[in-house]
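Heads up: the structure comes next, in structure tokens.
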Amino acid sequence: MPALAASAAAAPPDPAADAAADSGACALQVLHEVFGYPAFRGAQQAIVGHVAAGGDALVLMPTGGGKSLCYQVPAIVRHRAGRGVTVVVSPLIALMHDQVGALAELGVAAAFLNSTLDGDEARRVERELLAGRLVLLYAAPERLLTPRFLAMLDSLRERGRLALFAIDEAHCVSQWGHDFRAEYLGLSALHERYPEVPRIALTATADAHTRADIVQRLALHDARQFVSSFDRPNIRYTIVEKADARAQLLRFLRDEHDGDAGIVYCQSRRKVDETAEWLNAQGVPALPYHAGLDTATRRRNQDRFLREEGLVMVATIAFGMGIDKPDVRFVAHLDLPKNIEGYYQETGRAGRDGLPADAWMAYGLADVVNQRRMIDDSEADETFKRLQRGKLDALLALAEAHDCRRVRLLAYFGEPSGPCGNCDNCLQPPATWDATEAARKALSCIYRFRQHGGSGFGAGHLIDVLRGKTTDKVHQHGHERLSTFGIGADVSESQWRGVLRQLIALGHVRAEGEWNTLALADSARAVLRAEVRLELRVPSDARHGAGSARRAGKAGKADKAPPLPLDDAAAARFAALKAWRAEVARAHNVPAYVVFHDATLAEMARTRPATPEALAGISGVGSKKLDAYGEAILHVLAG
Ligand code: ADP
Ligand code: ZN
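So for the sequence shown, the numbering used here puts the first residue at 17; every next one is plus one.
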């Protein structure tokens with residue numbers, strides 16, 4: 017007999033493994049019955065089995081990876097086994113509301129305790145909790161650590177009714193993370209007070225440093241770590257050069273996302289307001305969101321974005337944390353984010369439902385100059401500035417890249433991968449040109465300016481001189497007499513902008529003062545001596561650069577996944593189902609996607625099930641929803 021079988025026979029029984037196998041079977045049943053999903057995704061199965069069997073876990077999964085199920089399924093399994101309630105710690109009130117609403121639709125007893133409840137409501141939730149009727153209770157960290165709440169937990173524990181602690185957004189415990197919350201530090205008390213209760217901590221953003229910090233501060237040394245791939249294969253990354261950014265955005269929206277919900281990120285409040293107004297004037301329904309708006313307006317706009325279909329949210333980065341709307345079809349950046357972490361987090365809000373989505377960004381010379389300046393002018397110390405510059409450089413390298421964007425993104429997070437087939441560079445590999453000589457010409461021209469007139473000049477004038485354009489300004493300064501006048505006539509204006517972007521991005525040139533006049537940095541010498549080679553992408557002209565690669569007609573991997581397109585008859589059924597869903601969502605006061613995801617409706621429209629059994633076979637149709645809505649859906653489909 018092979019050694020394997022023998023050793024398996026000789027191995028002592030492992031009760032923990034048995035328990036995990038048992039709870040794994042229950043977990044699958046819960047997934048089918050309650051959530052109506054056919055299978056777990058990625059690491060979910062392993063995580064759910066481990067936690068349902070009473071193990072501790074630290075889970076790293078990208079946004080949209082499906083973290084909620086990792087604690088919701090164990091919560092249901094453990095509640096069914098008589099172990100009581102799962103307490104979910106979350107810093108985000110909006111998220112608690114949404115999750116509790118979604119669980120109610122699934123027929124799972126859940127509630128939240130936070131500052132939005134009045135005294136009577138809070139007491140009602142507490143009664144439900146103590147009576148053991150709740151499967152999940154969501155609470156803000158500061159609430160959890162009050163004597164009153166801890167007394168309730170004590171009482172549950174005494175009766176063996178404390179099933180699990182789930183700590184969402186676990187990176188909030190770390191000062192290294194980007195979203196530290198002091199209240200999270202107190203959460204280590206849970207382990208000290210209830211060491212026998214299993215815990216699962218989850219986050220979408222944790223580099224190695226932050227991860228170690230989470231383990232340390234939450235005392236998760238013995239927890240199993242589940243680190244998922246950070247890839248979001250359904251998101252298509254496209255970065256275009258800015259020409260007329262608004263017009264480019266509008267074309268992108270009209271050509272590829274007509275009627276879709278999405279987010280447009282801008283850097284300043286003013287730009288948010290102006291862009292939202294402008295989009296509305298162009299017939300694209302858009303709402304603004306930034307910290308300068310009053311709370312009521314912000315909440316109203318966020319609510320509308322979640323509940324209505326096809327709205328575009330124009331926002332600063334103040335918007336997005338805790339927004340788990342699954343059908344955001346695009347995230348567009350009109351300004352450069354601060355770093356790759358920010359970019360990945362913001363773009364990660366697209367396509368949580370797994371259907372194709374776009375991450376689109378327009379960036380240009382001014383972005384590079386601005387971001388550099390913001391770092392240089394900040395009050396921070398030199399070490400911090402160096403760190404920020406390093407992060408900006410990585411982002412600029414991504415923007416200028418002529419190879420696969422995803423490979424670079426994942427590499428940044430320490431994950432090796434191969435060309436993805438679903439980014440602009442994979443779909444339409446850009447041509448490159450050797451810009452070493454051009455860069456030297458630009459540098460010597462900047463040098464001549466200084467020699468000649470003393471003061472420096474900006475990028476526009478530099479390009480005019482290099483291309484040999486006789487403008488008023490050229491005359492005024494006698495620059496047509498410079499030896500560098502016209503030496504770059506063979507290089508197009510947009511190519512020159514690319515060269516300057518690179519030189520500034522690489523730190524060989526600085527933009528200084530109010531007018532962003534250009535000056536050489538010490539490192540420019542190496543370029544002048546041709547010790548540094550510059551290989552740049554040939555700029556796609558503004559027309560091609562405006563949209564994403566999808567219009568080029570080359571289908572990427574992700575195009576195979578979507579339930580759409582539907583034929584005409586199915587599309588009509590899809591529309592009828594959406595209209596029905598909108599009514600239900602209004603009546604239940606929940607966002608439409610809480611009733612059913614688009615993907616589920618599209619599948620119904622396409623396969624047109626005629627019986628409850630057939631309907632139950634569609635992903636996203638659990639038993640509660642089948643009971644509640646089955647008849648109505650079959651009616652719509654028959655009509
Ligand atoms: P995260 O919190 O990691 O950002 P969510 O928990 O919100 O992600 O899940 C993202 C989306 O994927 C949700 O709409 C969820 O219903 C869906 N989802 C998660 N797991 C599965 C699965 N196994 N099968 C089908 N859909 C899933
Ligand atoms: Zn790629």
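Note that beta-carbon positions come from the ideal geometry of N, C-alpha and C, so glycine has one too.
*What is the DSSP secondary structure of Val105, counted as helix, strand or coil?*
What you label residue 105 is simply residue 89 of the sequence shown in a count that begins at 1. It is a strand residue.
*Which residue comes first and which comes last in the alpha helix (DSSP H) that contains Asp488?*
For the purposes of this step, residue 488 is identified with residue 472 of the sequence shown, where counting begins at 1. Start and end: 488–492.
_Neighbourhood of Asp238 by C-beta distance below 7 Å, restricted to the same chain and skipping five residues each side_ = Numbered from 1 along the sequence shown, position 222 holds the residue referred to as residue 238. Counting only Cβ-Cβ distances below 7 Å, and skipping sequence neighbours, we find Asp72.
*Roughly how many angstroms separate the alpha carbons of Met377 and Ile183, rounded to a whole number?*
What you label residue 377 is simply residue 361 of the sequence shown in a count that begins at 1. What you label residue 183 is simply residue 167 of the sequence shown in a count that begins at 1. Looking at the two C-alpha atoms, the distance is approximately 33 Å.
*Based on Cα-Cα distance, which residue from Cys442, Glu121, Asp393 lies nearest to Glu530?*
Position 514 of the sequence shown holds residue 530. Cα-wise, what sits closest to Glu530 is Asp393.
*Could you have a look at Trp512 and say whether DSSP puts it in helix, strand or coil?*
Reading the sequence shown from its first residue, position 496 is the one you call residue 512. Helix at Trp512.
*Assess, as a yes-or-no matter, whether the segment 326–342 is touched by the segment 47–67 under the definition of 3 or more beta carbon pairs within less than 8 Å.*
no
*Kindly list the residues whose CB is nearer than 7 Å to the CB of Ser245, restricted to its own chain and excluding five residues on each side of it in sequence; keep chain order.*
On the sequence shown, position 229 is the one that residue 245 refers to. Closer than 7 Å at the Cβ level, and outside the excluded window around Ser245, lie Glu431.
*asked:* Could you check whether the Cβ of Pro432 sits closer than 8 Å to any heavy atom belonging to the ligand ZN?
replied: Indexing the sequence shown from 1 puts residue 432 at position 416. No, the beta carbon of Pro432 sits no closer than 8 Å to any heavy atom of the ligand ZN.
*Boundaries of the beta strand (DSSP E) in which Ile333 is found, first to last residue*: Taking the sequence shown and counting its residues from 1, one reaches residue 333 at position 317. Looking at the DSSP string, Ile333 is not in any beta strand (DSSP E), and its letter there is neither H nor E.
*What separation, rounded to the nearest whole angstrom, lies between the Cα atoms of Ala417 and Arg497?*
For this step, residue 417 is matched to residue 401 along the sequence shown. For this step, residue 497 is matched to residue 481 along the sequence shown. Cα-Cα distance, rounded: 36 Å.
*From which residue to which residue does the alpha helix (DSSP H) around Ala542 run?*
Against the sequence shown, residue 542 aligns to sequence position 526. First-last of the alpha helix (DSSP H) with Ala542: 540–544.
*With DSSP as the reference, label Ala217 as helix, strand or coil.*
Numbered from its first residue, the sequence shown carries residue 217 at position 201. DSSP places Ala217 within a strand segment (E or B) once states are collapsed to three.
*Okay, do the segment 81–96 and the segment 44–53 touch, 3+ Cβ pairs below 8 Å being the bar?*
yes
_Contact the segment 471–483 vs the segment 542–557: 3+ CB pairs below 8 Å_ = no
*In its own chain, which residues sit with a C-beta less than 6 Å from the C-beta of Lys457, not counting the 5 before and 5 after it?*
Position 441 of the sequence shown holds residue 457. Ile503, Gly504, listed in sequence order.
_Spatial distance of Gly202 from Gln264 (CA atoms)_ = Working through the sequence shown from its first residue, we reach residue 202 at position 186. Working through the sequence shown from its first residue, we reach residue 264 at position 248. Distance between the alpha carbons of Gly202 and Gln264 is about 48 Å.
*Specify, as a first and last residue, the run of the beta strand (DSSP E) that Tyr253 falls within.*
Position 237 of the sequence shown, counted from the first residue, corresponds to residue 253. First-last of the beta strand (DSSP E) with Tyr253: 251–257.
_Under 9 Å between C-beta atoms of Glu362 and Gly380_ = To locate residue 362, count along the sequence shown from 1; it is residue 346. To locate residue 380, count along the sequence shown from 1; it is residue 364. No.
*asked:* Please output, in chain order, the residues near the ligand ZN using a CB cut-off of less than 5 Å to any non-hydrogen atom of the ligand.
replied: Environment of the ligand ZN, chain-ordered: Cys420, Arg422, Cys436, Cys439, Cys442, taking every residue with Cβ within less than 5 Å of a heavy atom.
_So for Val690, helix, strand or coil by DSSP?_
Outside the shown range of the chain, which is 17 to 655, sits residue 690, and nothing can be said about it.
_Buried or exposed for Gln318, going by 16 or more other Cβ atoms inside 10 Å?_
Position 302 of the sequence shown holds residue 318. Buried, since its Cβ has 16 or more Cβ neighbours within 10 Å.
*Could you pull out every residue in the same chain whose Cβ sits closer than 6 Å to the Cβ of Leu352, ignoring the five residues on either side in sequence?*
One-based indexing of the sequence shown puts residue 352 at position 336. The answer, listed in chain order, is Tyr379, Asp383, Gln387.
_How far does the beta strand (DSSP E) with Arg526 in it extend, from its first residue to its last?_
Within the sequence shown, residue 526 is the residue found at index 510, counting from 1. Element bounds for Arg526: 525–528.
*What residue from Asn441, Ala127, Val515 has the CA that sits closest to Val105's CA?*
To locate residue 105, count along the sequence shown from 1; it is residue 89. The candidate whose alpha carbon is nearest that of Val105 is Ala127.
*Do Ala373 and Ile251 have their CB atoms nearer than 9 Å?*
The sequence position of residue 373 within the sequence shown is 357, counting from 1. The sequence position of residue 251 within the sequence shown is 235, counting from 1. Going by C-beta atoms, Ala373 is nearer than 9 Å to Ile251.
*Could I get the ranges of all uninterrupted alpha helix (DSSP H) runs contained in the segment 60–113, with 4 residues as the minimum, in chain order?*
60–68, 83–96
_Buried or exposed for Phe590, going by 16 or more other Cβ atoms inside 10 Å?_
In the sequence shown, counting from the first residue as 1, residue 590 sits at position 574. Under this definition Phe590 is a buried residue.
*Starting from the Cα of Ala447, find the closest Cα among His495, Pro555, Gly40 and give me that residue.*
Here residue 447 is taken as the residue at index 431 of the sequence shown, counted from 1. Among His495, Pro555, Gly40, the Cα nearest to that of Ala447 belongs to Pro555.
*Terminal residues of the beta strand (DSSP E) in which Phe128 lies*: The residue you call residue 128 lines up with position 112 of the sequence shown. Residues 126–129.
*Bounding residues of the alpha helix (DSSP H) (the contiguous stretch that carries Ala348)*: Position 332 of the sequence shown holds residue 348. Looking at the DSSP string, Ala348 is not in any alpha helix (DSSP H); the run it does join, the beta strand (DSSP E), is 346–349.
*Locate the beta strand (DSSP E) running through Glu431, then write down its first and last residues.*
Taking the sequence shown and counting its residues from 1, one reaches residue 431 at position 415. Neither: Glu431 is in no beta strand (DSSP E) and is coded neither H nor E.
*Thinking just about the alpha-carbon of each residue, which of Arg233, Gly434, Phe346 is nearest to the one in Gln191?*
Residue numbering aside, residue 191 sits at position 175 when the sequence shown is read from its first letter. Distance from the Cα of Gln191 is smallest, within the candidate group Arg233, Gly434, Phe346, for Arg233.
_For a test of the three-state rule: what should DSSP assign to Gly646, helix, strand or coil?_
Stepping through the sequence shown from its first residue, residue 646 is reached at position 630. In this structure, Gly646 counts as helix in the three-state DSSP scheme.
*asked:* Please return the same chain residues whose Cβ sits closer than 7 Å to the Cβ of Tyr609, not counting the five positions on each side in sequence.
replied: As a first step, residue 609 must be located in the sequence shown, where it is residue number 593. So the qualifying residues of the chain are Lys341, Pro342, Asp343.
*Would Leu303 pass as a contact of Leu327 if the rule is Cβ separation under 9 Å?*
Position 287 of the sequence shown, counted from the first residue, corresponds to residue 303. Position 311 of the sequence shown, counted from the first residue, corresponds to residue 327. Cβ distance < 9 Å, so Leu303 and Leu327 count as in contact.
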